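In this text, residue positions in the sequence shown follow the numbering used here: the first is 8, and each later residue adds one.
Quick notes on the structure that follows.
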Amino acid sequence: MASDLLSIARSGTKAARIALDVAAQNIANASSEGYVRRSVRLEEVASSGGFGRIGDVSLSGVRLDRVVRNADVFRQTEVRRTGADAARAGAEVAGLENIEAAIEQSNVFASIVSFEGALQQLASDPVDPSLRAAVVEDARTMARTFNLASTSLEAAGANLRFEAADGVEQVNLLGSELARVNLRLARAADASSDQTALLDQRDLLLQQLSEYTDVTATIAVDQTVEVRLAGAAGPVLVGSGTSGTLAMTTAPDGTISFNLDGTAVSPSAGSLTGKAQALEKLVDVRTGLDAIAADVISTVNTAQTNGATLDGSAGTPMFSGTGAADMVLAFEDGALIATAPAGAGANSRDASNLAAMRNALGLSDPAGSMDGLLFDISSTVAGRSVTRDALESIAGSARITLQAQAGVDLDEEAVNLIRFQQAFEASGRVMQVANDLFDTLLGIR
């Protein structure tokens, strides 16, 4: 009997010590990124009686079944999926906000309005040199604001492409690291501490990958993972011990596309997708800006060549260039503004050609077109921001749900420490009782 008590007590102290070690490990790693809470699973040790003791049961204490890693595949998948959606929306909004700033801060709309206002002032006295100089200055300012808007858009696009290229590099680095983890997992003993730590690394790498692109992860029996991009039917980025190479291609218009080892991929989530979508919008905005600039150039130059300058000579184009990037004022002398109709004499006060220019600008309405372009990008940013906020909220809820299961609760671990400490002390007391029984038996004469 005393022997059984010692055996049971010994198993109890061993189980309690392991449980204390696990609780201490959880507390130590409470702030470690990717760490998943461990818990012990204990089971009773019991053996049925032997020869002559049919049906009898001999109690043998407790033993460790295994250390459980409290991870839920479904919840982890949800965190990756919702996180990838939020990352896409966040990257797109960040890019769109830079595009919006490039257009708004260049003051193209205000410069067009000022130029048209200067033309209106000139109509009141077409031979006034100060009014002509004001038109030239406003024309120069307008051309420069178009240049600035184009340059700012190009800078925003270059920044998006740089960030996307960095993201591609990060995907390849994470893929390579995940392949190495797969190799180590394949060699690790089942349920060992090494395997458990590797599983933490595996899941953390998967989550980091999902921030850049949507990933489909398939876990094998040996806990290695296969990762595909752009859906379950997409190409394999990470195999059992190998990883592919993601590459980015830039089109002539500045948009980007991706391929994995030569196979085209079109991810639907992750920051890479968000940046690609922002670049597509940038192309639309730049096309609209160039169209407005080209319209102003064409309208004003056509009117100029149809009229006469202050000295009676034929008018010449006011602007050179074909779009926002290369729009330049073609002359500095206000006398070259063709306010009079063709054939008019010097110093003519006939401003009918200027009126025709203003009417043509009124019909093409570059200020209205610019206002529409600004409204379009602003409304796009507003709409996408609402979507981003909603997706971030969903992703946050998914993380909280996972954290509730897999994260370390210090209060709970403190309770576990006390509970298992008491269990350890109680098993020690059982040992003392067994020792007393031995002493009693030995003292019988």
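Heads up, the beta-carbon is just placed ideally off N, CA and C, and yes, glycines get one too.
Remember, it's a predicted structure, so these values are computed and weren't measured experimentally.
*When DSSP labels each residue in this structure, what does Ser14 get in the three-state scheme?*
For the purposes of this step, residue 14 is taken as residue 7 along the sequence shown, with counting starting at 1. In the structure shown, the three-state DSSP call for Ser14 is helix.
_On a Cα-Cα basis, can you pick out the residue from Ala300, Ala298, Gly341 that is closest to Asp318?_
On the sequence shown, position 311 is the one that residue 318 refers to. Checking every option, the nearest Cα to that of Asp318 belongs to Gly341.
_Assuming Ser264 is part of the alpha helix (DSSP H), what are its boundary residues?_
Working through the sequence shown from its first residue, we reach residue 264 at position 257. Ser264 -> not in any alpha helix (DSSP H); beta strand (DSSP E) instead, spanning 263-267.
*Could you check the C-alpha separation between Phe326 and Asp291 for me, to the nearest Å?*
Here residue 326 refers to the residue found at position 319 when the sequence shown is read from its first residue. Here residue 291 refers to the residue found at position 284 when the sequence shown is read from its first residue. In a straight line, the C-alpha of Phe326 is about 24 angstroms away from that of Asp291.
_Contact set for Gly57: own chain, Cβ-Cβ below 8 angstroms, skip 5 residues either direction_ = Along the sequence shown, one-based indexing puts residue 57 at 50. Residue placement at Gly57 is flagged as unreliable, the pLDDT there being 44, under the threshold of 50; a coordinate-derived value is accordingly withheld.
*Under 8 angstroms, do Leu336 and Ala150 count as touching if we go by C-beta distance?*
Here residue 336 refers to the residue found at position 329 when the sequence shown is read from its first residue. Here residue 150 refers to the residue found at position 143 when the sequence shown is read from its first residue. Taking 8 angstroms as the Cβ cut-off, Leu336 and Ala150 qualify as a contacting pair.
*Determine, using beta carbons only, whether Gly90 and Ala402 come nearer to each other than 8 angstroms.*
Position 83 of the sequence shown, counted from the first residue, corresponds to residue 90. Position 395 of the sequence shown, counted from the first residue, corresponds to residue 402. Their beta carbons are under 8 angstroms apart, which means Gly90 touches Ala402 by this criterion.
*asked:* So, at 6 angstroms on beta carbons, what are the nonlocal neighbours of Met364 in its own chain, with the 5 sequence-adjacent residues on each side left out?
replied: Residue 364 sits at position 357 when you count from the first residue of the sequence shown. If we look at Met364 and ignore the five residues flanking it on each side, its Cβ neighbours are Ala310.
*CA-CA distance, Arg60 and Leu71?*
For the purposes of this step, residue 60 is taken as the residue at position 53 of the sequence shown. For the purposes of this step, residue 71 is taken as the residue at position 64 of the sequence shown. Since pLDDT at Arg60 reaches only 45, below the 50 mark, its modelled position is unreliable, and no value is offered.
*Mind checking whether Ile34 and Ile384 have CB atoms under 8 angstroms apart?*
In the sequence shown, counting from the first residue as 1, residue 34 sits at position 27. In the sequence shown, counting from the first residue as 1, residue 384 sits at position 377. Contact check for Ile34 against Ile384 fails: the beta carbons are separated by 8 angstroms or more.
*Please classify Leu317: does DSSP put it in a helix, a strand, or coil?*
Start at 1 with the first residue of the sequence shown, and residue 317 comes out as number 310. Note: Leu317 maps to coil in three-state DSSP.
*Local Cβ density within 10 Å of Thr220, reported as buried at 16 or more and exposed below that*: On the sequence shown, residue 220 is found 213 positions in, with the first residue counted as 1. When all chains shown are included, Thr220 counts as buried.
*For Val80, count neighbouring Cβ atoms within 10 angstroms of its own Cβ and tell me buried if that reaches 16, exposed if not.*
For the purposes of this step, residue 80 is identified with residue 73 of the sequence shown, where counting begins at 1. Exposed: under 16 other Cβ atoms inside 10 Å.
*So Ala171 packs on Lys288, CB below 8 angstroms; how close in whole Å?*
For the purposes of this step, residue 171 is taken as residue 164 along the sequence shown, with counting starting at 1. For the purposes of this step, residue 288 is taken as residue 281 along the sequence shown, with counting starting at 1. Not confirmed; about 14 angstroms, so no contact.
*Ile263 and Thr270: beta carbons closer than 8 angstroms?*
Translated into the one-based positions of the sequence shown, residue 263 becomes position 256. Translated into the one-based positions of the sequence shown, residue 270 becomes position 263. In this structure, the beta-carbon distance from Ile263 to Thr270 does not fall below 8 angstroms.
*asked:* Can you find the residues in the same chain that come closer than 6 angstroms, C-beta to C-beta, to Leu27, ignoring five residues on each side of it along the sequence?
replied: Taking the first residue of the sequence shown as position 1, residue 27 is located at position 20. Within the same chain, Phe427 come within 6 angstroms of Leu27 by CB-CB distance, once the 5 residues on both sides are set aside.
*Where do the ends of the alpha helix (DSSP H) carrying Leu192 lie?*
The residue you call residue 192 lines up with position 185 of the sequence shown. Counting along the chain, the alpha helix (DSSP H) containing Leu192 begins and ends at 136-194.
*In chain order, what residues of the same chain have a beta carbon less than 7 angstroms from the beta carbon of Leu343, not counting five sequence neighbours either side?*
The count along the sequence shown starts at 1 and reaches residue 343 at position 336. Closer than 7 angstroms at the Cβ level, and outside the excluded window around Leu343, lie Thr316, Thr323.
_Option in Thr249, Glu218, Gly41, Ile407 with minimal Cα separation from Ala98_ = One-based indexing of the sequence shown puts residue 98 at position 91. Selected option, being the one with the closest Cα: Glu218.
*asked:* With a threshold of 8 angstroms, are at least 3 pairs of Cβ atoms found where one atom belongs to the region 346-360 and the other to the region 131-140?
replied: A contact exists between the region 346-360 and the region 131-140.
*asked:* I need the DSSP call for Gly330, collapsed to helix, strand or coil.
replied: The residue you call residue 330 lines up with position 323 of the sequence shown. In this structure, DSSP gives Gly330 a state outside helix and strand, which the three-state scheme calls coil.
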